[in-house]
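Contents: one structure, followed by commentary.
2 protein chains.
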Amino acid sequence: MSNKNIGIKDVAVAAGVSVTTVSHVLNEVSYARVRPETRDKVRAVAEQLGYGPNRLAQALRTQRTGMLGLVSEEIATTPHAGRIILGADEAAKARGYNLMIINTSGSASLESRQADVQALLDRRVDGILYATMYHRDVELPANLGSVPSVLVDSVATGGNITAVIPDEEGGARAAVGALLEAGHTRVGFINNTHDVPATRQRLQAFRATLTEAGLHGDAAPVESEVSEVQGGYEAARRILAREDRPTGLFCYNDRMAMGAYRAAAELGLAIPADLSVVGFDDQELIAANLHPGLTTVALPHYEMGAWATEHLIDAVEGKTDLSLMSLHPTILGCPLVRRDSIAAPRQ
Amino acid sequence: MSNKNIGIKDVAVAAGVSVTTVSHVLNEVSYARVRPETRDKVRAVAEQLGYGPNRLAQALRTQRTGMLGLVSEEIATTPHAGRIILGADEAAKARGYNLMIINTSGSASLESRQADVQALLDRRVDGILYATMYHRDVELPANLGSVPSVLVDSVATGGNITAVIPDEEGGARAAVGALLEAGHTRVGFINNTHDVPATRQRLQAFRATLTEAGLHGDAAPVESEVSEVQGGYEAARRILAREDRPTGLFCYNDRMAMGAYRAAAELGLAIPADLSVVGFDDQELIAANLHPGLTTVALPHYEMGAWATEHLIDAVEGKTDLSLMSLHPTILGCPLVRRDSIAAPRQ
DNA sequence: GTTCTTGTTGCTCATCTGTCTCCCACGTCC
DNA sequence: GGACGTGGGAGACAGATGAGCAACAAGAAC
C-alpha cells in the first residue's frame with residue numbers, strides 16, 4: 001500500500017508526454033489529435049500506475065461535482081426512507097453520480113433545513129433531492145432554488161418545483177376493487193384522522209369506486225383514528241360493531257390493518273373467511289408477517305427515488321428542463337400486492 | 001437569486017484588501033496580524049455578499065474534504081441501516097463533516113464492493129465507515145486500508161481494523177435475567193439456525209445465565225429455526241408442546257417472537273399470563289405494536305453509528321490512533337426495553 | 001527543380017478553477 | 001536599524017482546455 005496519490009502528472013512523466021496529452025487521452029477529448037500509439041501508451045501507463053482521477057480537482061475546474069444532495073426526513077424511523085435512498089443510489093450510480101445524504105426532521109425549523117441545504121450547496125452538489133417521508137405539502141428552504149432540485153413524495157406549498165408523488169387514488173381504487181372483485185358488497189374504510197393528501201384522496205377514491213360499482217359509496221361506513229396500530233384497532237372495533245357489519249375492510253395503512261386484525265380476532269372473526277382486509281404501504285415487516293399475509297397496496301418509494309434521480313441528472317446535464325415538469329407533480333403507480341387476507345364473503 | 005458564485009476574491013475586492021487577508025481573517029489564522037477594523041470590515045462584506053467557502057477548493061488545497069464515506073449494506077430492507085446512518089449523520093454534522101453514502105449488498109462480490117470503496121476514495125473522503133446489517137464477519141475490500149476506516153456491526157475476517165459491535169452476551173443476559181427476575185424457572189430459547197456470532201453468543205449467555213441462577217442451563221429447552229416470523233412460529237410450537245412447557249421464552253429476535261405470539265394464541269396461551277416472552281432487536285414496528293407490547297433488547301445501531309463516526313473523525317484529525325483500538329472490537333451495550341410481555345408465572 | 005503556400009497531424013504552453021500558506025515588503029517608532 | 005504592526009505576492013493543490021507551434025506533405029507558382 002505504498003502508493004502515493006498518483007496524478008495525471010505522474011502518468012505524463014512515465015509515458016513521456018505532457019499532462020495535456022494525458023488529459024486529452026483519458027477524457028477522450030474529441031478535438032484532440034493524438035496518435036493511436038500514444039493513446040495506447042498513455043492508457044497502459046495509467047492503468048499500470050493505478051491512476052484514478054481526483055474528482056475534487058476535476059470538479060473545481062469543470063464546475064461539476066457529480067454529486068447529488070439528498071435531504072431526507074426521518075431516515076431512521078421509517079423503512080420508506082431506505083427505499084427512496086436505494087432507488088436514488090442505484091439510479092445515481094448507474095450514471096456515475098454519488099449521493100451526499102443529510103438527515104433532517106419533518107418538524108425541523110425552516111432555518112435548520114436551510115442550513116442543511118446550504119451544507120450541500122457549499123459542497124457544490126450538482127442537484128438536490130428533497131425527500132419527505134409521507135406524501136404532503138412542505139415549505140421548502142429558499143436556497144433550494146439555486147441548483148436543480150426535485151421533490152420526492154411531496155408537493156411544495158409554493159408549487160412550481162418538480163415533484164414525484166404516489167398515485168393515492170389509483171392505489172385506493174385497486175384496494176377497494178380487489179374487495180369488490182371478491183364479491184363483497186358491504187365494504188368499510190378505516191381512515192386516518194390526520195389531514196394529508198392521502199387521507200382525502202383515499203377516502204374519495206373509496207367512495208367513488210363503490211358508487212361506480214352501484215354500491216352507495218356515500219353511505220359506506222368510515223371510521224377515522226390516528227394512523228397507528230392502536231387507532232386501527234379502535235376504529236375496527238367501532239366499524240365491526242355496526243349492524244350492517246362490513247365483510248370487507250380497506251385500511252388506511254398496514255399499521256391500522258394490524259390493529260384491525262386484532263379487533264377481528266377478539267370478535268371471533270376469522271380473516272379472510274369472515275372478514276377480508278386490505279392495507280396500504282406494503283411494509284414488509286407487517287404485511288408479509290401478519291397471519292394471514294396482508295394484501296396491500298405498495299407505495300413506489302424505490303421508483304420515486306429512481307425517477308427523481310434520473311430526471312434530476314437529466315436536468316443537470318441539460319437534457320431536460322425541469323421547469324417544464326414543475327407545473328404538475330408526476331404521479332407514480334401504487335400496485336396491489338396480493339397475499340391472503342381477501343376471500344369471498346360468506347353466503 | 002442572481003448571485004453568481006461569490007468567492008474569496010470578490011470579498012477581497014469589495015473590502016479593498018487582498019485575498020490573502022480575507023483568507024486570514026475568515027480562517028482566523030493565528031499568526032496573521034490584521035487590524036481589528038480590517039477584520040470587521042472583511043467579515044461584514046463577506047456576510048453581506050453571502051459568501052460561503054467553496055469546499056471543493058478548500059479540500060483540494062488542504063487535502064481534507066470533511067467528507068466521510070459510508071458503505072452500508074441493504075439500506076432498504078432493514079430499519080437498522082437507518083439508525084446507523086442517523087447516528088453517523090448526527091455525529092458527523094456536529095463536527096462539520098458530511099456523509100457520502102453508497103449502498104451495497106451483503107452478497108455483492110468483493111470486486112463490486114471494492115469499486116464502491118474506490119468511488120469514495122476518488123472523491124477523497126477523509127475516512128470510511130463500513131456498515132453491515134447484522135453482526136458478522138466480513139471480508140473487506142483491500143483498498144479500504146488506504147484511509148482511516150471503522151467497521152460498524154461486524155468484525156473483519158482478517159482482524160486488525162477498528163470495529164464496533166453490540167454486546168450480544170450482555171443483551172441476552174438482560175433478557176433472560178428479566179424472565180428470571182419475574183420468577184420463571186422453566187425458560188426456553190428460540191434460536192436462529194444461521195451460524196453468526198449472535199447465534200452462538202446468545203445461546204451461550206442464555207445457558208450461562210440460567211446456570212448461574214441454579215437452573216441447569218445446559219438442559220434448558222432450545223429450538224432453532226430460520227430467524228423469521230414463520231420460523232419463530234414453528235420453533236415455538238415445538239417448544240410449547242414439551243411436557244415441561246416453559247413459562248418464559250427468550251426469542252432470538254422480534255420477528256421470531258412475533259411467530260411465538262401466534263403459536264401461543266393458537267394454543268390458548270395468554271401473554272403474559274400464561275407465557276412470558278422477550279425478544280431481541282427492538283424493531284419498533286413489531287415490538288411496540290404487538291399486543292401486548294413486546295419486552296425486548298435494543299441493538300445499539302444509532303450508538304454504533306455515532307461511536308464509529310466520532311472515533312473515525314478523531315483518527316482523521318490525528319487525535320486518536322485507530323490501530324491502537326483495532327486489536328479488539330469495541331462492544332456497545334444492548335439495553336432491555338420493557339413493555340408488557342413479561343409477568344410472573346402462574347402458581 | 002526550387003520556393004512558397006496551405007493544410008494536416010501531433011503535441012505542448014499557458015491559463016483557469018477557489019482557496020491556503022509560506023515568505024517578504026513597507027512604514028513607523030523608539 | 002532592529003522590532004513591531006499590517007498587509008500582499010506567488011506558488012501549490014490536480015486537472016481541463018483552447019490557442020499555438022513544429023514538422024511534414026501535397027500542391028501551386030516560378
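Top line first, the protein sequences correspond to chains A and B. All residue numbers for the first sequence refer to this note's numbering, where the first residue is 1 and numbers rise by one. All residue numbers for the second sequence refer to this note's numbering, where the first residue is 1 and numbers rise by one. All C-beta atoms in this analysis are idealised placements derived from N, C-alpha and C, irrespective of residue type, glycine included.
Residue i versus residue j: straight-line alpha-carbon distance, rounded
i, j, result
"Val147/B", "Asp116/B", "14 Å"
"Met325/A", "Ser72/A", "22 Å"
"Pro300/A", "Ala257/B", "29 Å"
"Gly49/A", "Ala15/B", "A small fix is needed here, since residue 49/A is Leu in this sequence, not Gly. Rounded to whole angstroms, Leu49/A to Ala15/B spans 46 Å at the Cα level."
"Met67/B", "Ala182/A", "54 Å"
"Val25/B", "Ala32/B", "8 Å"
"Thr209/A", "His216/A", "10 Å"
"Glu243/B", "His291/A", "27 Å"
"Ser18/B", "Ala12/B", "5 Å"
"Thr132/A", "Tyr51/B", "29 Å"
"Gly145/A", "Gly106/A", "19 Å"
"Asn289/B", "Ile342/A", "23 Å"
"Asp218/A", "Asp126/A", "49 Å"
"Ile101/A", "Ile101/B", "7 Å"
"Arg338/A", "Ile331/B", "42 Å"
"Gln114/B", "Leu121/B", "10 Å"
"Arg346/B", "Ile271/B", "12 Å"
"Ala265/B", "Glu266/A", "11 Å"
"Ala344/B", "Thr185/B", "10 Å"
"Asn27/B", "Pro36/A", "48 Å"
"Arg245/A", "Tyr302/B", "45 Å"
Beta-carbon proximity check, residue i vs residue j, cutoff 8 Å
i, j, result
"Asp314/A", "Thr296/A", "no"
"Ile161/A", "Leu140/A", "yes"
"Arg207/B", "Ala198/B", "no"
"Ala306/A", "Ala76/A", "no"
"Val229/A", "His135/A", "no"
"Leu336/B", "Ala178/B", "yes"
"Val138/A", "Ser112/A", "no"
"Arg124/A", "Thr65/A", "yes"
"Val277/A", "Leu294/A", "yes"
"Ser308/A", "Val150/A", "Here the sequence assigns Ala to residue 308/A, which means Ser is not the residue at that position. Against a cut-off of 8 Å, the Cβ pair of Val150/A and Ala308/A comes out as a contact."
Identity of the residue in the options nearest residue i by Cα
i, options, result
"Gly231/A", "Gln201/A, Arg262/A, Ala205/A, Ala182/A", "Arg262/A"
"Ser227/A", "Thr209/A, Phe206/A, Gly279/A, Gly217/A", "Gly279/A"
"Pro79/B", "Pro345/B, Asp254/B, Ala44/B, Arg346/B", "Asp254/B"
"Pro53/B", "Ile8/B, Tyr134/B, Ala288/B", "Ile8/B"
"Ala119/A", "Val229/B, Leu99/B, Glu225/B", "Leu99/B"
"Asn143/A", "Ile128/A, Met133/A, Tyr134/A", "Ile128/A"
"His311/B", "Ser107/B, Tyr97/B, Ser18/B, Leu285/B", "Tyr97/B"
"Val152/B", "Tyr233/B, Ala81/B, Leu327/B", "Ala81/B"
"Thr21/A", "Ala46/A, Asp126/A, Ile6/A", "Ala46/A"
"Ala287/B", "Asp340/B, His328/B, Met304/B, Leu327/B", "Asp340/B"
"Asn103/A", "Ser276/B, Thr320/B, Arg83/B", "Arg83/B"
"Gly333/A", "Val34/A, Thr309/A, Pro166/A", "Pro166/A"
"Ala174/A", "Phe250/A, Gly214/A, Ser323/A", "Phe250/A"
"Asn5/B", "Tyr302/A, Gln63/A, Thr38/A", "Gln63/A"
Nearest-angstrom Cβ-Cβ length linking residue i and residue j, presumed shorter than 8 Å
i, j, result
"Leu56/A", "Ala59/B", "5 Å"
"Glu168/B", "Gln201/B", "4 Å"
"Val187/B", "Gly268/B", "Wrong, their Cβ atoms sit about 21 Å apart, outside the cutoff."
"Ala241/A", "Ala260/A", "Wrong, their Cβ atoms sit about 13 Å apart, outside the cutoff."
"Leu70/A", "Ala88/A", "6 Å"
"Ala163/B", "Ala172/B", "Contact doesn't hold; Cβ gap of about 20 Å is too wide."
"Thr193/A", "Glu225/A", "6 Å"
"Gln283/A", "Leu285/B", "7 Å"
"Asn191/B", "Tyr130/B", "With a Cβ gap of about 27 Å, Asn191/B and Tyr130/B do not count as contacting."
**Report entry** chain A contacts from the region 17-30 of chain B (Cβ-Cβ distance under 7 Å)
**Finding:** none
Query raised in the report: When Cβ atoms are compared, which residues of the region 136-169 of chain B fall closer than 7 Å to chain A?
Result: Gly145, Ser146
Requested in this report: Name, going along the chain, the residues of the region 285-296 of chain A whose beta-carbon falls closer than 7 Å to a beta-carbon of chain B.
Outcome: Leu285, Ile286, Asn289, His291
Requested in this report: Check distances from the C-beta atoms of the region 86-109 of chain A to those of chain B and list, in chain order, the residues that come in under 8 Å.
Outcome: Leu86, Asp89, Glu90, Lys93, Asn98, Leu99, Met100, Ile101, Ile102, Asn103
**Report entry** Within 7 Å of chain A by C-beta, residues of the region 123-135 of chain B in sequence order
**Finding:** Arg123, Arg124
Query raised in the report: Relative to chain B, which residues along the region 41-60 of chain A have a C-beta separation below 7 Å, given in chain order?
Result: Gly52, Pro53, Asn54, Arg55, Leu56, Ala57, Ala59, Leu60
Requested in this report: Give, in chain order, every residue of the region 193-207 of chain B whose Cβ lies closer than 9 Å to some Cβ of chain A.
Outcome: none
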